[in-house]
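Asks:
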Amino acid sequence: MYFIAIAVGLIMLLILWSRIELNILTTTEYKITSEKLGNEFSDRTFVVLSDLHNHSIGKDNRKLIDKIHSIHPDFILIAGDMVTKRQFCIPSNAFTLLKTLSKKYRIYYAYGNHEQYFEGLMEGMHNLSGKDSDRIKRQNLYSTWVEYKKRLQKLGVVFLDNQGIALTKKGSLFLSGVSLDKKYYLRTVKKKDRTNGVSSVKEYLMENLESKDEDTFHILIAHNPVYFKDYVAWGADLTL
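5 is the number of the first residue of the sequence shown in this note's numbering; add one for each residue after it.
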């Protein structure tokens, strides 16, 4: 009973700490240098946001917004999972945050596995067994995702779903966002075997993204860190 009590106590502490940690705001700063980056991108700053999962840091994400304002970024990159699967995308903390930030900053949004969950909601609907309520719920979730994207695009947010965009007029900096197929996220498969029977991630990038110019500094937003070596082999100069 003594050991059980200790175990329960430790679990409760971990749960408590995980909730506290969600509201602790810290920033990590990196300075990037490369001969590929010309004067056009000198002294530029950008912020990367990822895995907020509809969470709010402070009321209406005020703490996070104030922190971003203090950094004075030239643009913001989204590395996925701003939303959470099985939860409405709009109204949501994620939408409110991006709506506020879009008034001041350019935002480039690449998908995580939760965004891809919403993209795939309507796949195989005709084969879906179960109650009609399950179908209706799936349709409702998908409609909020469609509306979420539509409204953000009207606000100027650029979605990078296996797409890329030049960030400088002279083309010295190019940004791509890759949306890996859901099979690459399977937890039941060992990391070293996740590409067995399917094309490698490097080949997936070559098939789905615009060809890379060797003289251009290329930022790749890739939500899944497991395949970092593949991203490097493909030719990404910076992977987020």
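By construction, the Cβ of each residue, glycine as well, lies at the ideal position given by its N, Cα and C atoms.
1. Identify the continuous beta strand (DSSP E) that holds Ser-180 and give its terminal residues.
2. Just verifying my parser: in three-state terms, what is the DSSP assignment at Thr-243?
3. In whole angstroms, what separates the C-alpha of Thr-192 from that of Lys-206?
4. Quick check: Leu-171 and Leu-164, are their CB atoms within less than 8 angstroms of each other?
5. Got a sec, what are the start and stop residues for the beta strand (DSSP E) Ala-170 sits in?
6. Counting along the chain, where does the alpha helix (DSSP H) carrying Ile-69 start and finish?
7. Can you tell me whether Gln-143 is buried or exposed? The criterion is at least 16 other CB atoms within 10 Å of its CB, across all chains shown.
8. So, helix, strand or coil for Tyr-34, using DSSP?
9. Give me, in chain order, the residues of the same chain whose beta-carbon lies closer than 7 angstroms to that of Phe-50; leave out the 5 immediate sequence neighbours on both sides.
10. Residues bridged to Arg-110 by DSSP?
11. Secondary structure at Phe-163, three-state DSSP: helix, strand or coil?
12. Closer than 8 angstroms by C-beta to Asp-47: which residues in its own chain qualify, once you throw out the five before and the five after it? Chain order, please.
13. Report the three-state DSSP secondary structure of Phe-232 (helix, strand or coil).
14. If you draw a straight line from the C-alpha of Ser-96 to the C-alpha of Met-210, how long is it?
15. Ordered along the chain, which non-local residues of its own chain (more than five positions away) have a Cβ less than 8 angstroms from that of Gly-84?
16. Using three-state DSSP, classify His-118 as helix, strand or coil.
Replies: From the atom records:
1. From DSSP, the beta strand (DSSP E) with Ser-180 extends over 177-182.
2. Strand, per DSSP.
3. Reliability of the predicted coordinates at Thr-192 is poor, the pLDDT of 48 falling under 50, and no value is obtained from them.
4. No, Cβ-Cβ distance for Leu-171 and Leu-164 is not below 8 angstroms.
5. Residue range 167-170 is occupied by the beta strand (DSSP E) that includes Ala-170.
6. In the DSSP annotation of this structure, the continuous segment of the alpha helix (DSSP H) that includes Ile-69 starts and ends at 66-75.
7. Exposed, by the Cβ-count rule.
8. DSSP places Tyr-34 outside both helix and strand once states are collapsed to three, so it counts as coil.
9. Hits under 7 angstroms: Pro-77, Asp-78, Phe-79, Ile-80, Leu-81.
10. According to DSSP, which records beta bridges pairwise, Arg-110 is partnered with Phe-79.
11. Here Phe-163 carries a strand assignment [DSSP, helix/strand/coil].
12. Contacts found: none.
13. In this structure, Phe-232 counts as helix in the three-state DSSP scheme.
14. In this structure, the alpha-carbon of Ser-96 lies about 35 angstroms from that of Met-210.
15. Counting only Cβ-Cβ distances below 8 angstroms, and skipping sequence neighbours, we find Ser-54, Asp-55, Ala-114, Tyr-115, Gly-116, Asn-117, His-118, Glu-119, Ile-225, His-227.
16. Secondary structure at His-118: helix, using DSSP grouped into helix, strand and coil.
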